[in-house]
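Under our numbering, the first residue of the sequence shown carries the number 1037, and numbering increases by one thereafter.
Backbone N, C-alpha and C define an ideal beta-carbon position, used for all residues, glycine too.
The structure presented is a predicted model; accordingly, all values stated were derived computationally and were not measured.
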Amino acid sequence: MARTTITLLGAPRIAHDGMPVEVDTRKAIALVAYLAVTGRRHTRDALAGLLWPEYNQARSRAALRRTLSSLKEAREAGWLRVDRVGVDLARDAILVDVDRFHSLLAGCRAHGHPESEVCAGCLPPLAEAVALHRDDFMAGFGLRDSVAFDDWQFFQAEGLRRELAGALERLARGCAARGEWEPAINHARRWLALDPLHEPAHRLLLALYAWSDRRAAALRQYRECVRILGKELGVAPLEATAGLYHAIQENDPPPPPVLSEPGPAVQRETSSPSPVEAAATTPPPDNP
């Protein structure tokens, strides 16, 4: 069955069966995004109040009707469901990148080790998750006449950035544990770019440069950390950052991280053959 893809990590885009769906008003885009992320049915009155707060109830409901009419293609395709009371999306007919992002990270949390750690099984889903997050949530989009929607969009974006930061840190450490220095450094740089004042990201980059025999790059990174903290906050690096710098100066950095072991349940799943595999490897019974 053809599915509609709703892309919200970056500039919003909608496609049906691989073909772009033209949405000609910002309110229509906002409506689809809100329904896609909240994942539930909303009343017409609630949606009208969210998107047209400056109108009275009659005018806001009329504006919502016009917006729903502009989404005729979506209604005919069956993924936008509208009745006299409410509006929602048919979840089995859509693919939302935000849902996939959350699902990948949730899968890693089910591996049975502390959430801050990473096992070999975490690396593929973490890599897919950070690749999905192309830019901020609904980047470049906004509704100037709806403070409530803009607030909702802002907090969604902030939450997703925090999740991205955690995924990038774990992915960088996981790659480092495998000695994959270039990917590890790229992930750490991207983590730092989210917040150039975040010292743990500076420290990870310092360590990665040292572990990959780039001592000069590590020392430059520390000087950059000193510069930006002094310029933006008027402070020096924390003792942990300065201590790591001095250890690298003395060619005595801490050891690289190691991959965690998955929890017992995950180990059983990966070590036990599937029913199909078991059937394929079980010899047939002897004929009497």
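Proximity below 9 Å, CB of residue i to CB of residue j
i: residue 1107; j: residue 1084; result: no
i: residue 1243; j: residue 1154; result: no
i: residue 1262; j: residue 1272; result: yes
i: residue 1162; j: residue 1144; result: yes
i: residue 1142; j: residue 1103; result: no
i: residue 1291; j: residue 1283; result: no
i: residue 1274; j: residue 1257; result: no
i: residue 1197; j: residue 1230; result: yes
i: residue 1179; j: residue 1062; result: yes
Distance, residue j Cα to residue i Cα
i: residue 1089; j: residue 1082; result: 10 Å
i: residue 1294; j: residue 1060; result: 51 Å
i: residue 1097; j: residue 1125; result: 19 Å
i: residue 1269; j: residue 1114; result: 53 Å
i: residue 1296; j: residue 1216; result: 16 Å
i: residue 1301; j: residue 1149; result: Annotation note: pLDDT 47 at residue 1301 (below 50); position unreliable, no value reported.
i: residue 1225; j: residue 1135; result: 25 Å
i: residue 1186; j: residue 1199; result: 20 Å
i: residue 1121; j: residue 1080; result: 6 Å
i: residue 1128; j: residue 1151; result: 30 Å
i: residue 1166; j: residue 1137; result: 8 Å
i: residue 1193; j: residue 1176; result: 12 Å
i: residue 1055; j: residue 1249; result: 48 Å
i: residue 1208; j: residue 1092; result: 51 Å
i: residue 1239; j: residue 1267; result: 18 Å
i: residue 1251; j: residue 1172; result: 33 Å
i: residue 1210; j: residue 1140; result: 16 Å
i: residue 1247; j: residue 1232; result: 22 Å
i: residue 1074; j: residue 1160; result: 27 Å
i: residue 1222; j: residue 1265; result: 22 Å
i: residue 1245; j: residue 1105; result: 56 Å
i: residue 1181; j: residue 1288; result: 57 Å
Integer Cβ distance of residue i from residue j, believed to fall under 8 Å
i: residue 1237; j: residue 1227; result: 5 Å
i: residue 1123; j: residue 1052; result: Contact doesn't hold; Cβ gap of about 18 Å is too wide.
i: residue 1094; j: residue 1057; result: About 30 Å separates the two Cβ atoms, so there is no contact after all.
i: residue 1042; j: residue 1118; result: Between residue 1118 and residue 1042 the Cβ distance is about 17 Å, and since that is not below 8 Å, they are no contact.
i: residue 1087; j: residue 1067; result: 7 Å
Close Cβ partners of residue i (< 7 Å) along its chain, the five nearest in sequence each way excluded
i: residue 1202; result: none
i: residue 1069; result: 1044, 1048, 1174
i: residue 1234; result: 1228
i: residue 1039; result: 1129, 1130, 1131
i: residue 1281; result: 1242, 1258
i: residue 1076; result: 1124
Residues near residue i by beta carbon distance below 8 Å, same chain, minus five either side
i: residue 1285; result: 1255
i: residue 1277; result: 1235, 1238, 1239, 1242, 1258, 1261
i: residue 1183; result: 1089
i: residue 1195; result: none
Residues near residue i in its chain [Cβ-Cβ closer than 6 Å; skip 5 each side]
i: residue 1170; result: 1045, 1046
i: residue 977; result: Nothing about residue 977 can be reported from this structure: the residues present for the chain run from 1037 to 1324 only.
i: residue 1189; result: 1174
Cβ-heavy atom distance, residue i to the ligand ATP, below 8 Å
i: residue 1248; result: With respect to the ligand ATP, the structure offers nothing, as it holds no ligand at all.
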